[in-house]
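Peer 1: Quick note on the working numbering: the sequence shown kicks off at 432 and runs consecutively. Ideal Cβ positions, reconstructed from N, Cα and C, are used throughout, including at glycine.
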Amino acid sequence: MTSQDIQQHIQSVKLALQRSQLTQANASIQQLLSQQLTQAQQVDVLYLAAVASRLTGQHQEARSHIDTLLSLRPDHGRAYQELAYNYEALNQSQDAATAFFNATHFNPALVSSWKKLLVIYQHHNDKAAQQLAESQLAYLHSLPSPILGAYDLMYEKQLSTAEQVCRRFLSQHKHHPEAMMLLAEIGVQLKVYSDAEFLLESCCELYPENERAGAAYQGLLSKLGKFPKAVEVARRRLANAPNNNAIKGSLAHALVGVGQLDEAIDIYHSVLEENPDRPSMWVSLGHALKAKGDTNDAIVAYETAAKHNKSFGDAYWSLANTKTYTFSDEMLAQMELQLQASNTQLEDAIHLCFALGKGFEDRAQASKSFEYYCRGNSLKKRTLPFDIARTEAALEAQAEACDEALMNEFSGCDAPDPIFIVGLPRAGSTLLEQILASHSMVDGTMELHDILSIASSLSNKKKAYPYNLADLTDEECIALGEQYLSQTQAYRQNAPFFIDKMPNNFVHIGLIKRILPNAKIIDARRNPMDCCFSGFKQLFGEGQEFSYSLTDIGRYYRAYEKLMDHWHAVLPDFILTVQHEDVLHDLEGQVRHILAFCGLPFEPECLSFYQTKRVIKTPSSEQVRQPIYKTGMQQWKPFEAYLEDLKAIVGE
């Protein structure tokens, strides 16, 4: 069958099920299952097969289809709803309740599952859960039918169809707030961030009392690293609801983003004093304390979160992510027990796997450690619509669009202030940032999203980014450079230079050269096996989708190297490559070389970088608060037997 034939058969199965023509539906399903299907088609067919099997009373067969589906898409809400229906039919009420909960967790638009949960909560006299279910049902019933349907489509990852439904509704009901918010959320999932930001900003202006719009807008601003604006929105929301602890927590999160840690920590403490049974708030407090350098207090906060909720995976991963914490035997056993529990949520399971990987790695149990790292990465990858081939093509497009002729045009803002540190995550960029931030003429900031935001805004032009870089006028280049400096001002102190340590900016060096031709760019480079395996062991808070497969991360490393070779060829002397291992072996020599490249005089404080007090939010925060050490080199060696595929791609 062609892809079009398969889609037509899938539609005919849906129609047959709606008409209760089960024999016809089953025959078509068996024919489809014998075809070569894409993963998305396989998910669709398995779901329909599960429905058909349940309707004909074949509950074990339905379970088998659902198990296969969830192995491909562990966040498929409707699959959990089907699982719950099967448990109900078999009178397995507790398993059904868990499955209905999972269904609403992954797809909050499933009215039927919420209704089932409401009955369960009423039966158990769980007032808080009952109120939540009633509130969600009231909200879903208030939505126009097309918007409710579009939400369902979006949660099931049918983003294109959801967008079409939403836009069609908006064309007839202009400025409908729920439709605007939904279209923005679809835009976020499609990574069309500038469109999503415009929609939510407009929605907040049109409906300033709409708390859902305010929360969504602030959440997106934080996601984009626009924390000064997020603080402003949070304070406005809090003024309308001064006793709302959720808004207080979101304000504290935004304050951490701009480095106002003391106020953020005070807010977290005040909320937790009133309601200590909030594990996610304890973890957020821990992150703020860790960023400040109060590691011991951060560990206490993370441990407290785990005590309040033994299955809360983020608490354990946050402990592991200090890179200095050692799990006790009891803690490791507790984590393994929680991972085996049938009611452990997917996000918790992912966090637990990465934490267990770190725990057993610290005990030199490479086989067991790697098993957990692989399991965590596999679960995470199956929730992400990532295609390494598309990423490779995007990087090749940068090289094609930004040729030597274009890179020889100097038309942007001539300010020399920014020092960009780029590269792959876990390549030593935080160490370079800490060294430079120890200089009296340089402000350390954080991983700023502003270049990524500007690139996103350029993607909406008639000609696709990066090919439209050649069409930018001198005035536009200057304006974009000045926009970048204005947006990043809130993260600076009084030094003439500042650091932007967003690793992914290596993709956008052509854009940087166009709008900030006098900026400095440092490429943090590390031994490929160490760099890639370190990335594979890291559960990132956001982005870096390439890191959840050894093959993907190896191909990404090679594509990065290829693009960096291009930048060096078309922009000689614009980029300094700093090898992490060279810094470890010859700190002073490399520091002098880096400072000379940046046009800065040597200062001995850069050698004692670990004494510099500043906000650090990356996973390496505790490592760069110590003198240089070499134990991080060749950490992949104990795992060598499991890394042959990676080594075949990147070599040693």
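Check this for me: beta carbons of A722 and I696, under 7 Å apart or not?
Peer 2: No. Outside cutoff.
Peer 1: With A950 and P1032 assumed to form a contact (beta carbons below 8 Å), what rounded beta-carbon distance in angstroms separates them?
Peer 2: Their Cβ separation, rounded to whole angstroms, is 19 Å, which puts A950 and P1032 out of contact at 8 Å.
Peer 1: Look at the Cβ atom of A751, then the Cβ atom of A795, and state whether they are nearer than 7 Å.
Peer 2: No, the pair does not count as a contact, with Cβ atoms beyond the cut-off.
Peer 1: Assuming Q765 and K741 form a contact by the criterion Cβ under 8 Å, report the distance between their Cβ atoms to the nearest whole angstrom.
Peer 2: With 8 Å as the limit, Q765 and K741 qualify as a contact, their Cβ atoms being about 6 Å apart.
Peer 1: Please report the distance separating the alpha-carbon of L883 from that of G941.
Peer 2: Whole-angstrom Cα-Cα distance: 12 Å.
Peer 1: In chain order, what residues of the same chain have a beta carbon less than 6 Å from the beta carbon of S869, not counting five sequence neighbours either side?
Peer 2: Excluding residues within five positions, the ones whose Cβ falls inside 6 Å are E1036, C1037, F1040, T1043.
Peer 1: DSSP on Q1021, reduced to helix/strand/coil?
Peer 2: Looking at Q1021 - three-state DSSP - the assignment turns out to be helix.
Peer 1: Helix, strand or coil for D996 per DSSP?
Peer 2: Correct three-state label for D996: helix.
Peer 1: Determine the extent of the beta strand (DSSP E) in which K951 is found, giving its start and end residues.
Peer 2: 951-956 is the span of the beta strand (DSSP E), which, as asked, contains K951.
Peer 1: Pick out whichever of K654, V662, Q449, K605 has its Cα sitting closest to the Cα of C634.
Peer 2: Among K654, V662, Q449, K605, the Cα nearest to that of C634 belongs to K605.
Peer 1: E831: buried (16+ other C-beta within 10 angstroms of its C-beta) or exposed?
Peer 2: Label assigned to E831: exposed.
Peer 1: At what residues does the alpha helix (DSSP H) containing Q467 begin and finish?
Peer 2: From DSSP, Q467 is part of no alpha helix (DSSP H); its letter is neither H nor E.
Peer 1: Give the secondary structure of L855 by DSSP, where H, G and I count as helix, E and B as strand, and everything else as coil.
Peer 2: Coil, per DSSP.
Peer 1: Whole angstroms is fine: what's the gap from H536's alpha carbon to L783's?
Peer 2: Using only the alpha carbons, I get a separation of about 19 Å.
Peer 1: Closer than 6 Å by C-beta to I1080: which residues in its own chain qualify, once you throw out the five before and the five after it? Chain order, please.
Peer 2: Around I1080: G985.
Peer 1: Going by DSSP, name the residue or residues bridged to Q1010.
Peer 2: Q1010 pairs with R956.
Peer 1: Cβ atoms of L903 and I885: under 7 Å apart, would you say?
Peer 2: Their beta carbons are not under 7 Å apart, which means I885 does not touch L903 by this criterion.
Peer 1: Which residues share a DSSP beta bridge with F929?
Peer 2: Its beta-bridge partners are P849, D874.
Peer 1: Suppose the cutoff is 8 Å on Cβ atoms and the five residues either side in sequence are ignored; what does the same chain contact list for L621 look like?
Peer 2: Only L590, E594 meet the Cβ criterion.
Peer 1: Span of the alpha helix (DSSP H) holding H718?
Peer 2: Note, H718: alpha helix (DSSP H), 710-723.
Peer 1: Going by alpha carbons, who is nearest to G807 out of W1067, G717, E792, F967?
Peer 2: Closest option to G807, Cα to Cα, is F967.
Peer 1: So is F532 buried or exposed if we call it buried at 16+ other beta carbons inside 10 Å?
Peer 2: Classification of F532: buried, given that the 10 Å Cβ count is 16 or more.
Peer 1: What is the DSSP secondary structure of H606, reduced to helix, strand or coil?
Peer 2: Coil.
Peer 1: By Cβ distance below 7 Å, which residues in the same chain neighbour S860 in space, the five residues on each side in sequence not counted?
Peer 2: Taken in chain order, the residues that qualify are I852, G854, K932, P934, A955.
Peer 1: Round the Cβ separation of Q649 and S681 to the nearest angstrom and send it over; I've been treating them as touching at under 8 Å.
Peer 2: So it is a contact: roughly 6 Å between Cβ atoms.
Peer 1: Just to confirm my understanding: we take R957, look at its own chain, exclude 5 residues before and 5 after, and list those with CB closer than 6 Å. What are they?
Peer 2: Same-chain partners within the cutoff: A858, G859, H1011.
Peer 1: For F928, which of A921, I946, M872 has the nearest alpha-carbon?
Peer 2: If we check each option's Cα against that of F928, M872 comes out closest.
Peer 1: Applying the 10 Å Cβ sphere with the 16-neighbour rule, what's the burial state of R821?
Peer 2: Classification for R821: exposed.
Peer 1: How about M877 and V1001: are their beta carbons less than 7 Å apart?
Peer 2: In this structure, V1001 does not lie closer than 7 Å to M877 by Cβ.
Peer 1: So the candidates are V550, Q553, S965; which of them puts its Cα closest to the Cα of W1067?
Peer 2: Nearest option by C-alpha distance: S965.
Peer 1: Would you identify the three-state DSSP class for A458, choosing helix, strand or coil?
Peer 2: The answer is helix: DSSP assigns A458 an H, G or I state.
Peer 1: Distance, Cα to Cα, D1076 vs C962?
Peer 2: Taking the straight line from one Cα to the other gives about 15 Å.
Peer 1: Pull up the distance between the alpha-carbon of S798 and that of N457, whole angstroms please.
Peer 2: Each residue's Cα considered, the two are about 43 Å apart.
Peer 1: To which residues of the same chain is A483 closer than 7 Å at the C-beta, ignoring the five residues directly before and after it?
Peer 2: Counting only Cβ-Cβ distances below 7 Å, and skipping sequence neighbours, we find L448, L453, A456, N457, I460.
Peer 1: Report the option in L652, A683, G645 whose CA atom is closest to the CA atom of Q671.
Peer 2: In the sequence under discussion, the amino acid at residue 671 is Asn, which differs from the Gln named in the question. Per the Cα distances, G645.
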